[in-house]
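Engineer:
Protein chains: 2
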Amino acid sequence: MAEESTVTAPPELTVGVAALTALLDGRYADVRRTVRELLPAYASVLEDAETMPRDEFRERVKDVVLEIAGTGAAAMGFPKEYGGGGDIGASIAAFESLAYGDLSVLVKVGVQFGLFGGAILQLGTQRHHDAYLADVVSGRLLGCFAMTETGHGSNVQALGTVATYDPDTSEFVVTTPSEQAGKDYIGNAAKHARVAVVFAQLEVAGERHGVHALVVPLRDESGATLPGVRIEDDGPKMGLNGVDNGRIWFDPDGTVRVPRENLLNRFADVTEDGTYVSDIESAGRRFFTMLGTLVQGRVSVGAAGVSASKSALTIAVRYALQRRQFETGTDGADGGPEGQEQLLLDYGLHQRRLFPRLARTYALHFAQEVLAGELHDVFSGIRTDEETRRQLESRAAGTKALTTWHATDTIQECREACGGAGYLAVNRFAALKADTDVFTTFEGDNHVLLQLVGKGLLTDYASEFSDLDQLGMVRFVAGLAVDTVLERTRVHRLFEQIRDALPGGSDDWHTDSGLRDPNYHLAMYRFREEHLIGGVARRLKRGVDSGMNPGEVFSQVQDHVIAAARAHVERLVLEAFVEKVAALPDDSGDLKLVLNLLCDLHALSGIEADRGWFIEHGRLNTQRSKAITREVADLCRRVRPIARGLVDAFAVPEALLRAPALIGGEA
Amino acid sequence: MAEESTVTAPPELTVGVAALTALLDGRYADVRRTVRELLPAYASVLEDAETMPRDEFRERVKDVVLEIAGTGAAAMGFPKEYGGGGDIGASIAAFESLAYGDLSVLVKVGVQFGLFGGAILQLGTQRHHDAYLADVVSGRLLGCFAMTETGHGSNVQALGTVATYDPDTSEFVVTTPSEQAGKDYIGNAAKHARVAVVFAQLEVAGERHGVHALVVPLRDESGATLPGVRIEDDGPKMGLNGVDNGRIWFDPDGTVRVPRENLLNRFADVTEDGTYVSDIESAGRRFFTMLGTLVQGRVSVGAAGVSASKSALTIAVRYALQRRQFETGTDGADGGPEGQEQLLLDYGLHQRRLFPRLARTYALHFAQEVLAGELHDVFSGIRTDEETRRQLESRAAGTKALTTWHATDTIQECREACGGAGYLAVNRFAALKADTDVFTTFEGDNHVLLQLVGKGLLTDYASEFSDLDQLGMVRFVAGLAVDTVLERTRVHRLFEQIRDALPGGSDDWHTDSGLRDPNYHLAMYRFREEHLIGGVARRLKRGVDSGMNPGEVFSQVQDHVIAAARAHVERLVLEAFVEKVAALPDDSGDLKLVLNLLCDLHALSGIEADRGWFIEHGRLNTQRSKAITREVADLCRRVRPIARGLVDAFAVPEALLRAPALIGGEA
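Those protein sequence lines, which keep their order, are chains A and B.
The opening residue of the first sequence carries number 9 in my numbering; numbering runs sequentially from there.
The opening residue of the second sequence carries number 9 in my numbering; numbering runs sequentially from there.
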């Protein structure tokens with residue numbers, strides 16, 4: 009509800025689409041372009057998703073996955089000696105671009121090469137790599153990643169499947185002790201997987217050593233299920249029906265036996281005589297170390313969320329540039345040509361609905377780029393310290409939560425912005441919405457992921473605390489003086505940054521800083537983060553000090569932990585965007601101005617959305633709060649003339665947009 | 009992020025489920041119960057929706073609709089002499105209850121009996137009633153409601169189809185002048201409709217008289233399309249695939265001719281010699297009068313949105329009472345039994361996610377009840393004044409927007425709150441989400457509907473202004489002094505109410521009123537409404553006075569108009585809830601306390617969500633704002649023990665919940 013602005017309009021910007029695409033594509037422009045050029049050949053899959061019976065569609069998707077595997081685009085992260093591309097960063101870029109196409113294909117690629125292949129690569133050793141990876145990379149051996157169980161979603165440490173070592177035969181006996189301990193929602197399980205990486209409680213000589221992974225065959229060459237293995241189809245799903253999710257139970261009587269060598273033994277092993285050995289002493293830490301190697305899955309889902317948002321925005325913006333609506337005088341007396349209705353995108357409200365989401369999509373794109381870069385560095389051995397690894401895991405978890413929620417929200421808004429036409433399957437939104445829906449809960453439920461981020465923040469990623477569960481975290485924080493908590497956490501360092509960022513010191517937020525100064529935006533985001541973390545620490549401490557049990561304390565502050573984590577990730581996202589723009593040479597002309605505009609819009613609409621909190625905490629007064637609302641509307645008006653260029657720069661292949669009636673088809 | 013409260017816990021409430029159901033069922037308890045008892049017989053349709061090929065499923069849905077028609081549950085609003093129930097209110101109650109079942113069935117019922125049958129009833133006269141209604145009510149004659157066109161969604165006045173009177177043959181020639189003027193998204197058109205009520209520009213003796221409706225046959229008895237009629241299938245949709253939506257074109261060369269008597273002539277007619285006659289002089293007003301009679305469709309969609317929210321919340325709350333997660337110490341030292349994880353619903357965050365939505369569902373239920381009552385009174389001739397009718401139309405439009413957005417939001421949150429399991433089709437969310445998605449844009453796009461509400465607010469529903477378009481409205485408002493605008497609108501009266509409501513006068517909001525005083529809540533909601541309306545009026549006036557053209561002015565204040573309209577409807581919803589609770593006898597024990605609790609939670613979480621605005625406008629200080637956040641968390645904790653009863657009271661038939669794994673099945 010911006011009041012009219014009195015600022016003189018700045019000159020109109022123009023977008024060099026190719027230059028902007030190049031900037032978005034970044035380091036892996038070739039990979040991205042290759043995948044984008046590959047995808048139109050499979051555009052018909054989008055239609056098959058609607059028309060084929062489920063079984064047939066699953067086969068179709070499998071065939072496409074194998075064809076894509078044949079091009080090398082699916083396995084860029086595997087070592088070259090097994091047929092991979094030997095470049096982690098490239099594999100993320102390829103996955104992100106594949107997400108412009110059908111998402112069943114994408115997720116099946118993710119299951120086979122990311123989860124299944126990734127587990128063998130990361131948790132296994134040479135013998136497993138030699139035995140499996142070439143076949144995984146080529147697609148000759150399809151597999152699945154059997155972690156989640158019906159009875160335990162996000163709480164993997166508590167899963168029920170057991171692998172008991174039998175020293176007499178040097179085998180592991182894999183059993184599902186109860187119906188609820190069946191593996192569930194496992195992609196590739198219902199039809200195509202011949203083997204599974206199974207996560208189970210490892211039991212050696214009567215002693216439990218926590219969750220470990222081992223390779224367990226599921227089907228023979230003919231596709232028949234092996235003895236002792238029971239598999240059930242998860243049935244139709246909201247979306248992603250080209251992926252054959254299923255449930256797996258292993259005979260509780262012990263029919264399923266695999267050789268000792270099938271244990272993926274990078275972090276722990278069992279010797280032939282039945283001795284458990286591991287370089288990592290703490291069971292919890294061992295578990296989190298194993299899980300940590302699987303972080304690529306979360307980075308990939310986050311990337312897919314950004315791509316899906318780009319597809320939706322491309323359609324909605326182009327629709328709003330075609331569709332006219334109402335309001336111009338039918339008598340021709342109101343400035344417009346007679347009977348000419350106004351373009352949807354010229355309405356302030358429509359701009360408000362689409363442009364902040366467009367700006368945020370850019371922000372999340374660059375945040376993903378930073379994240380993928382860190383992933384690459386850590387997994388390529390460029391950065392090896394423990395803290396970097398912990399921060400990567402935290403950033404991956406938090407970014408995944410934000411990008412996937414953003415996708416859900418953006419796709420919904422874009423679909424509504426296309427009216428009834430958006431409801432037809434031919435217009436892409438049906439599939440985008442249904443297929444991406446699960447992103448918010450798979451590879452870790454978003455709320456659980458943010459709790460993980462919160463825990464990291466409160467313990468400063470200290471490796472000695474990395475294996476703490478939430479209760480351990482509560483006790484840890486409660487055991488320190490609050491000042492110590494603040495010092496041990498990022499908070500203290502952050503606060504210094506804030507003070508430095510504000511021209512007149514921290515007392516001057518209201519007055520001296522320009523609304524479009526990125527230092528002001530960062531100071532606001534940092535303040536929020538710092539304040540929320542400090543608040544959580546104080547509440548945890550007070551709760552425990554007052555005699556409540558840690559579980560109860562945690563339950564009461566849980567939303568506060570999550571708010572702190574979210575504020576933290578929002579700050580990382582904004583920093584990524586600000587740094588990207590700052591790094592552009594000043595002579596890059598409109599390109600820099602355009603990105604500055606988007607960065608301002610993203611930052612300010614974020615502050616606007618949370619202005620209640622900022623006012624409550626003394627960081628906004630009501631005048632400035634209203635000024636921000638006006639500024640956001642102004643920025644939207646400035647985005648209007650370049651909106652088409654901004655979505656064109658995403659370079660979603662035309663054949664994948666579908667929506668001929670909405671966007672004017674191939675014309 | 010509530011800080012701990014120091015208030016002593018009040019005694020725990022209990023819910024009498026039967027009594028609460030009776031209260032929710034209200035006047036039409038019998039009708040609702042009948043429908044709820046009818047539905048389980050068709051529970052298999054929910055599964056058929058996933059498993060049947062589209063064509064087969066459409067037939068299945070049609071058969072179910074005809075069977076339901078046979079019970080009388082679908083046509084309660086039609087006059088008894090044609091086989092109906094003769095009770096408008098009952099028809100809404102039945103529709104609302106039908107919405108617990110498959111929504112393709114529901115929407116097909118809506119198309120046949122609400123839209124098609126309703127148009128003949130409301131726009132036609134005795135001759136049409138006699139000719140069609142008995143067959144409509146029995147389902148012998150299936151029809152469709154052909155209003156929307158590809159080129160014009162919400163802007164019906166500008167549609168392109170033409171009906172030209174030919175005095176030589178006493179016929180109307182119905183033509184589609186361009187591809188874009190084809191009727192689109194028309195339910196029942198692709199397969200089952202034998203006739204259509206077609207909305208077309210009426211042309212008599214070379215003169216256009218605006219949009220009118222007439223009955224046009226589409227198919228012969230065998231189902232073959234008639235000469236000059238071209239029908240195309242809209243194809244697969246995001247959801248509601250049991251409804252056969254299609255496009256219709258009428259030969260532009262004039263093959264399609266219908267007798268003069270086919271004009272639905274309640275408000276206008278053409279005499280045999282070709283004279284246009286109508287008691288309503290203004291073409292605009294005639295149009296809005298016709299449209300106004302179709303308000304029942306919006307009331308029905310709103311009701312369905314509330315029901316769908318109830319289904320989703322029932323599943324999510326029951327799931328959260330089954331599912332345990334994390335956090336209790338594995339050493340058993342933290343108060344819980346060893347290894348026992350906490351119930352999801354015991355987490356503060358989970359309560360925050362579900363309970364305000366639960367409370368709002370109650371609020372919207374009672375708002376719908378008031379709306380359905382007004383609809384009944386107006387359409388049963390109990391209240392006949394023009395202003396009541398206008399207010400009904402406005403309330404229907406606004407309530408539909410709020411309930412359908414609420415459904416989208418609630419279903420999404422509930423699905424996420426059920427984790428990955430919520431993604432499986434067997435668990436109802438897939439269908440709920442996909443089927444209800446279109447509710448936000450059909451029967452009028454929600455934003456367009458709120459604009460309509462805003463227009464009514466700004467012109468005080470004055471009948472002489474009811475046919476103004478948005479530009480007329482801008483000019484009208486601009487032509488008055490701002491004080492006059494405020495006086496002419498509800499604003500002035502509202503403001504008096506606000507002052508009366510606050511114990512110490514309007515200066516005392518911060519201090520004297522209790523947070524749980526409904527008068528305080530109402531004062532806040534009323535203030536927001538009044539302030540937003542006044543602000544819009546001033547901006548409209550200032551814009552026009554400064555020489556901008558009305559179209560531009562409107563575009564700039566559009567989001568403000570919509571915010572004002574939304575605030576208005578929010579106030580109506582809250583009033584409906586408050587009045588419902590106030591009307592309960594004080595000796596109704598916990599029932600009244602329970603509803604008070606929900607009403608407080610609804611009201612306060614609404615203020616909390618918009619606290620930035622309230623602070624900006626001097627109606628909250630930061631202390632009180634934080635106190636509200638704490639209070640919301642406290643209220644959630646108080647709802648926790650009665651949550652199961654609150655969803656059980658919705659009485660969604662067990663067989664329709666599906667979700668056996670989520671809620672424990674039939675056990």
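Glycine included, every Cβ here is placed at the ideal spot set by N, Cα and C.
As the structure is a computational prediction, the values presented were derived from the model and not from experiment.
1) Quick check: what's the CA-CA separation for L665(A) versus Y327(A)?
2) Taking only beta carbons into account, state which residues of the region 421-436 of chain A come closer than 8 Å to chain B, listed in chain order.
3) Looking at chain B, is there any beta carbon in it that lies within less than 7 Å of the beta carbon of G94(A)?
4) Quick one, are the C-beta atoms of T322(A) and V25(A) less than 7 Å apart?
5) Closer than 7 Å, CB to CB, is M60(B) near chain E or not?
6) Between A197(A) and chain B, is any beta-carbon pair separated by less than 7 Å?
7) Could you tell me the alpha carbon to alpha carbon distance between L149(B) and D56(B), rounded to whole angstroms?
8) Hey, could you find the ends of the beta strand (DSSP E) P267(A) is sitting in?
9) Hey, how far is the Cα of N557(B) from the Cα of G356(A)?
10) Which same chain residues, not among the five before or five after A663(A), have their C-beta less than 6 Å away from its C-beta?
11) Closer than 8 Å is the cut-off here; do at least three beta carbon pairs connect the region 364-376 of chain A with the region 567-585 of chain A?
12) Closest by CA to F296(B), which one among L234(B), D252(B), V237(B), A221(B)?
13) Does D623(B) get closer than 7 Å to chain A when you measure Cβ to Cβ?
14) With H, G and I counted as helix, E and B as strand and the rest as coil, what does DSSP make of L4(B)?
15) Go to I96(B), then tell me how far its alpha helix (DSSP H) extends in each direction, as first and last residue.
16) Rounding to the nearest angstrom, what Cα-Cα distance links Y533(B) and Y140(B) in this structure?
17) For Y355(A), does the three-state DSSP call read helix, strand or coil?
18) Taking the CB atoms as reference points, tell me whether L540(B) and A571(B) lie closer together than 7 Å.
19) Taking Cβ positions, are V115(B) and A81(B) nearer each other than 7 Å?
20) Smallest Cα separation from G522(B): which of A380(B), R632(B), A204(B), R268(B)?
21) Could you list which residues in chain A have their beta carbon closer than 8 Å to that of Y355(B), in chain order?
22) Going by DSSP, what residue range makes up the alpha helix (DSSP H) through A6(B)?
23) Determine, for Y528(B), whether the minimum Cβ-Cβ distance to residues of chain A falls below 7 Å.
24) With 16 other CB atoms within 10 Å as the buried threshold, where does T184(B) fall?
25) Just to confirm before moving on: does the CB-CB distance between G125(B) and V144(B) stay below 7 Å?
26) I need the DSSP call for T338(A), collapsed to helix, strand or coil.
27) For Y193(B) and chain A, any beta-carbon pair shorter than 7 Å?
28) Closer than 7 Å, CB to CB, is V446(A) near chain B or not?
29) For F562(B), does the three-state DSSP call read helix, strand or coil?
30) State whether the region 184-195 of chain A contacts the region 249-267 of chain A, with contact taken as three or more CB pairs (one from each stretch) at a distance under 8 Å.
31) If you count every other CB in all the chains shown that lies within 10 Å of the CB of V285(B), and 16 or more means buried, which is it?
32) Report back the beta-carbon spacing between I419(A) and A291(A) to the nearest angstrom; my notes put them in contact at under 8 Å.
33) Check whether chain A comes within 7 Å of G555(B), counting only Cβ atoms and requiring the distance to be less than that.
34) Just how far apart, CA to CA, sit L352(A) and R331(A)?
35) Check distances from the C-beta atoms of the region 238-251 of chain A to those of chain B and list, in chain order, the residues that come in under 7 Å.
36) Shorter than 7 Å from the beta carbon of F450(B) to some beta carbon of chain A?
Structural biologist: For this structure:
1) 11 Å
2) R423, E424, G427, G428, A429, G430, Y431, L432, A433, V434
3) no
4) no
5) In the structure shown, chain E does not exist; the protein chains are A and B.
6) no
7) 25 Å
8) 265-267
9) 15 Å
10) P48, A51
11) yes
12) A221(B)
13) Looking at the sequence shown, residue 623(B) is not Asp but Ile. For I623(B), the answer is yes, since a Cβ of chain A falls inside 7 Å of its Cβ.
14) The displayed coordinates of chain B run from 9 to 675. Any statement about residue 4(B) would go beyond what the structure contains.
15) 96-106
16) 47 Å
17) coil
18) yes
19) no
20) R632(B)
21) S563, Q566
22) Missing from the structure shown is residue 6(B); chain B here goes from 9 to 675 and no further.
23) no
24) buried
25) yes
26) Its pLDDT being 38, under 50, T338(A) is placed unreliably in this model, and the coordinates cannot settle the point.
27) yes
28) yes
29) helix
30) yes
31) exposed
32) About 41 Å separates the two Cβ atoms, so there is no contact after all.
33) no
34) 6 Å
35) D242, G243, P244, K245, M246
36) yes
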